[in-house]
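Here is the structure we will look at, set down as C-alpha cells.
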Amino acid sequence: MDNIVETRVLTVDSQQPDLAAIQAAAAVLIAGGLVAFPTETVYGLGGSALNTQAINRIYQAKRRPYSDPLIVHIHSADQLDTLAVAIPAAARRLAAAFWPGPLTMVLRRAAHMPANIATGMNTIAVRMPRHPVALALLRAADLPVAAPSANTFTRPSATTAAHVLEDLGGRVELVLDGGAATIGLESTVIDMTQDVPVVLRPGGIVLEELRVLLPDVQISPQYIETHAHERKPLVSPGMLIKHYAPRARLMLFDGPPDVVLVAMVDTAQRFVANAKRVGVLALEEEAELFTDLGVRIISLGSRNDHAQIGRVLFGALRALDAQGVDYILVHGIGREGLGETIWDRLLRAAEGKVIQVG
Ligand code: TXA
Ligand code: MG
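Residue numbers are given in the working numbering: position 250 of the sequence shown equals residue 924, and the series is strictly consecutive.
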C-alpha cells in the first residue's frame, strides 16, 4: 500500500528550533503521522513507537523489509524503563556516559511495546539523540519515537532534508529541515542483552570510547554478511551489506598508498577508455592525481580528518549516483577512531569486496 501524502517542509534553526514548528511536528506524531527530523547522526523517519499502524507506515514509506527492526528515540533516561526490562547496570553506565548521543542499545523489550518495532523479537533498540531539534521534538510529543534513517531501503542514509525529500517526498507528512547532520554516519548499535556486550554496527561512538567503560566489548565478527540466509542471530538485520549500496558499483582499494593510487588511476583510465562514467571519492591530498582523467571527482576531505569524511560521505555517494556514474573509486582510510565506521560504510557500499593492491 502506498500512501501518497502532501509533504510539508518546515525550516528550523538547528540550535534553537522555532517552537511553533516543533509543536506542529509533535502534533503529526501524536496523530499517528510521520515526521522526518534531523539528528546529529543522520535524518530519522519518525513515527509514534506506541502506534502499530504508524510503525507499519514507516516500513512502507522506506520500502524496508519487515525483517529489519527500528530504533526507538527518547528524550530522557526515565523513558527507558517504560520501553525495556531487565536493563543491565552496564547499559545504565553507557547511557550516563554517551546519552544524549550517537549510541543505540539493544535491550529486552517491555511486553506492552508493539512487537513490530523489533520485527517480533523480544528486544528493543533505544537511543537518545543529542541534536537540539530531535530533542525538542521528542519532548514536545513526549512519545517514544521509532525512527530508522530517513532514506529508502538500499540508499545511503539521508544527511540533509533534500536527501529526505529525494527518497521520501509524498510518503511523509512533515520534514523538519534543520540543516546538515553534523556526524553524517549512523549511531553505534550495541547489543546489551548478551553476557558480553557486542557491537552490531560501528557508528558515531567509537570502539576506543566504548572500551573505556566496557573492556570486554566484542565486535560482531559477522557484521559484514553477504547473504541474508546465512545470518546468525547476533547480527543486526540492518547489517546486510546491500543496506548501503549505491547504484554505481563502488570499488574500494586498499594497500600501500603509492601502489593503490597507481592502480586507481589505471582503473579509471581503462574505464574511461571503454566509455564508462567514473566517479572518484578522493582524499584531498590525492584528488589532483585524477584531475585530467575525465572522471567526476568529489573531495571527501583530508585523509586524517575522519570527522569531515564522515560528514560528507553519504552525500557524496548520492551526488555521484545522481550523475549516473557506472563506477565509484575510493581509497580506503585508516581504521582508528571514526575510521572504523567509515571503513564499514565503504565496505558495505562495495558489497563486501576490497580490491587489495600490492
Ligand atoms: O543514527 C541512527 O541510528 C539513525 C538515527 C535516525 O537515529 N537511525 C538509524 O536507524 O540508523 P536504522 O533503522 O537505519 O538502523 C538501525 C539499526 C539497524 O541495523 C537495525 O537492524 C538495528 O539498528 N536494530 C534495530 N533494532 C534492533 C534490535 N531489536 N536488535 C538488533 N538490532 C536492531
Ligand atoms: Mg538505515
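Backbone N, C-alpha and C define an ideal beta-carbon position, used for all residues, glycine too.
### Task
Let me know the beta strand (DSSP E) ranges lying completely inside the region 845 to 906, each 3 residues or longer, listed in chain order.
848 to 851, 862 to 865, 872 to 875
### Message
Report the start-end ranges of each alpha helix (DSSP H) in the region 679 to 743 that is 4 residues or longer and not cut off at the edges.
### Response
693 to 704, 726 to 736
### Query
Ordered along the chain, which non-local residues of its own chain (more than five positions away) have a Cβ less than 7 Å from that of T797?
As a first step, residue 797 is located in the sequence shown; it is residue number 123 there, counting from the start. Hits under 7 Å: V780, L781, R782, R783, T867.
### Task
Measure the C-alpha to C-alpha separation of Y897 and G877 and round it to an integer number of angstroms.
Here the question's residue 897 lines up with position 223 in the sequence shown. Here the question's residue 877 lines up with position 203 in the sequence shown. With a pLDDT of 49 at Y897, under the threshold of 50, the predicted position of this residue should be treated as unreliable, though the coordinate-derived value follows. The alpha-carbon atoms of Y897 and G877 are separated by roughly 12 Å.
#### Entry: V819 versus G720 - alpha carbon distance
If you number the sequence shown from 1, residue 819 lands on position 145. If you number the sequence shown from 1, residue 720 lands on position 46. So the two alpha carbons sit approximately 6 Å from each other.
### Query
Is it right to say V909 is buried, meaning 16 or more other beta carbons lie within 10 angstroms of its own, or is it exposed?
Locating residue 909 in the sequence shown gives position 235, counting from the first residue. In this prediction, V909 has a pLDDT of 47, which is less than 50 and means its spatial position is unreliable; what the coordinates show is noted afterwards. Buried, since its Cβ has 16 or more Cβ neighbours within 10 Å.
### Task
Consider the C-beta atom of S831 and the heavy atoms of the ligand MG; say whether any pair is separated by less than 7 Å.
The residue labelled residue 831 in the question sits at position 157 within the sequence shown. Flag set: Cβ of S831 near the ligand MG.
### Query
Within the present structure, is the beta-carbon of R801 separated from the nearest heavy atom of the ligand TXA by less than 7 Å?
In the sequence shown, the residue the question calls residue 801 occupies position 127. Yes, the Cβ of R801 comes within 7 Å of a heavy atom of the ligand TXA.
### Message
Check this for me: beta carbons of A810 and I704, under 8 Å apart or not?
### Response
Stepping through the sequence shown from its first residue, residue 810 is reached at position 136. Stepping through the sequence shown from its first residue, residue 704 is reached at position 30. Their beta carbons are not under 8 Å apart, which means A810 does not touch I704 by this criterion.
### Task
Grab me the residues of T793's own chain with a C-beta within less than 8 Å of its C-beta, minus the 5 sequence neighbours each way, in chain order.
Counted from its first residue, the sequence shown places residue 793 at position 119. The answer, listed in chain order, is Y740, S741, D742, P743, P911.
#### Entry: N-terminal and C-terminal residue of the alpha helix (DSSP H) that G989 is part of
Residue mapping note: residue 989 aligns to position 315 of the sequence shown, counting from 1. Unbroken alpha helix (DSSP H) run through G989: 980 to 996.
### Query
Any idea what DSSP makes of T941, helix, strand or coil?
The residue labelled residue 941 in the question sits at position 267 within the sequence shown. Three-state DSSP puts T941 in a helix.
### Query
So, is P889 buried or exposed, given that buried needs 16 or more other C-beta atoms within 10 angstroms?
As a working note, residue 889 is residue 215 in the sequence shown. Exposed.
### Query
Helix, strand or coil: how does DSSP classify F827 here?
In the sequence shown, counting from the first residue as 1, residue 827 sits at position 153. Reduced to three states, the DSSP call for F827 is coil.
### Task
Keeping to the same chain, check which residues put their C-beta closer than 7 Å to that of S973; ignore five residues upstream and five downstream.
Here the question's residue 973 lines up with position 299 in the sequence shown. Result list for S973: A956, E958, A961, in chain order.
### Message
So, with DSSP's three-state summary, where would you put I791?
### Response
Taking the first residue of the sequence shown as position 1, residue 791 is located at position 117. Note: I791 maps to helix in three-state DSSP.
### Query
P1034: beta carbon under 7 Å from a heavy atom of the ligand TXA?
With the chain running from 675 to 1032 in the structure shown, residue 1034 is simply not present.
### Task
Could you pull out every residue in the same chain whose Cβ sits closer than 7 Å to the Cβ of G998, ignoring the five residues on either side in sequence?
As a working note, residue 998 is residue 324 in the sequence shown. Here the set comprises R951.
### Query
DSSP state of A949, grouped into three classes?
Working through the sequence shown from its first residue, we reach residue 949 at position 275. Coil, per DSSP.
### Query
Relative to the ligand MG, is the shortest distance from any of its heavy atoms to the C-beta of S823 smaller than 7 Å?
Residue numbering aside, residue 823 sits at position 149 when the sequence shown is read from its first letter. It does: the Cβ of S823 is within 7 Å (strictly closer) of some heavy atom of the ligand MG.
### Message
So M938 and I1002 are supposed to be a Cβ contact under 8 Å. How far apart are they, rounded?
### Response
By 1-based counting over the sequence shown, the position of residue 938 is 264. By 1-based counting over the sequence shown, the position of residue 1002 is 328. Actually they are not in contact, since the Cβ atoms of M938 and I1002 sit about 11 Å apart, beyond 8 Å.
### Query
From A758 to V934, what distance separates their C-alpha atoms?
Taking the sequence shown and counting its residues from 1, one reaches residue 758 at position 84. Taking the sequence shown and counting its residues from 1, one reaches residue 934 at position 260. In a straight line, the C-alpha of A758 is about 48 Å away from that of V934.
### Query
Mind checking whether F988 and P830 have CB atoms under 8 Å apart?
Counting from one through the sequence shown, the residue named residue 988 turns up at place 314. Counting from one through the sequence shown, the residue named residue 830 turns up at place 156. In this structure, P830 lies closer than 8 Å to F988 by Cβ.
### Query
Is T826 near the ligand TXA, with its Cβ less than 7 Å from a heavy atom?
By one-based count along the sequence shown, residue 826 stands at place 152. The answer is no for T826.
### Task
With hydrogens ignored, establish whether the beta-carbon of E1025 is closer than 7 Å to any heavy atom of the ligand MG.
For the purposes of this step, residue 1025 is identified with residue 351 of the sequence shown, where counting begins at 1. No, the ligand MG has no heavy atom inside 7 Å of this Cβ.
### Task
Can you give me the Cβ contacts of P774 inside the same chain, cut-off strictly under 7 Å, excluding the 5 residues immediately before and after it?
Counting from 1 along the sequence shown, the entry for residue 774 is found at position 100. Cβ neighbours of P774 beyond the five flanking positions: M802, P803, R804, L809.
#### Entry: Span separating the alpha-carbon of I730 from that of T965
Counting from one through the sequence shown, the residue named residue 730 turns up at place 56. Counting from one through the sequence shown, the residue named residue 965 turns up at place 291. The residue you asked about is not Ile; residue 730 is Asn in the sequence shown. Their backbone Cα atoms lie some 47 Å apart in a straight line.
### Per-residue burial, L850 [other beta carbons within 10 Å of its own, 16 or more giving buried]
Translated into positions along the sequence shown, residue 850 becomes position 176. That one is buried.
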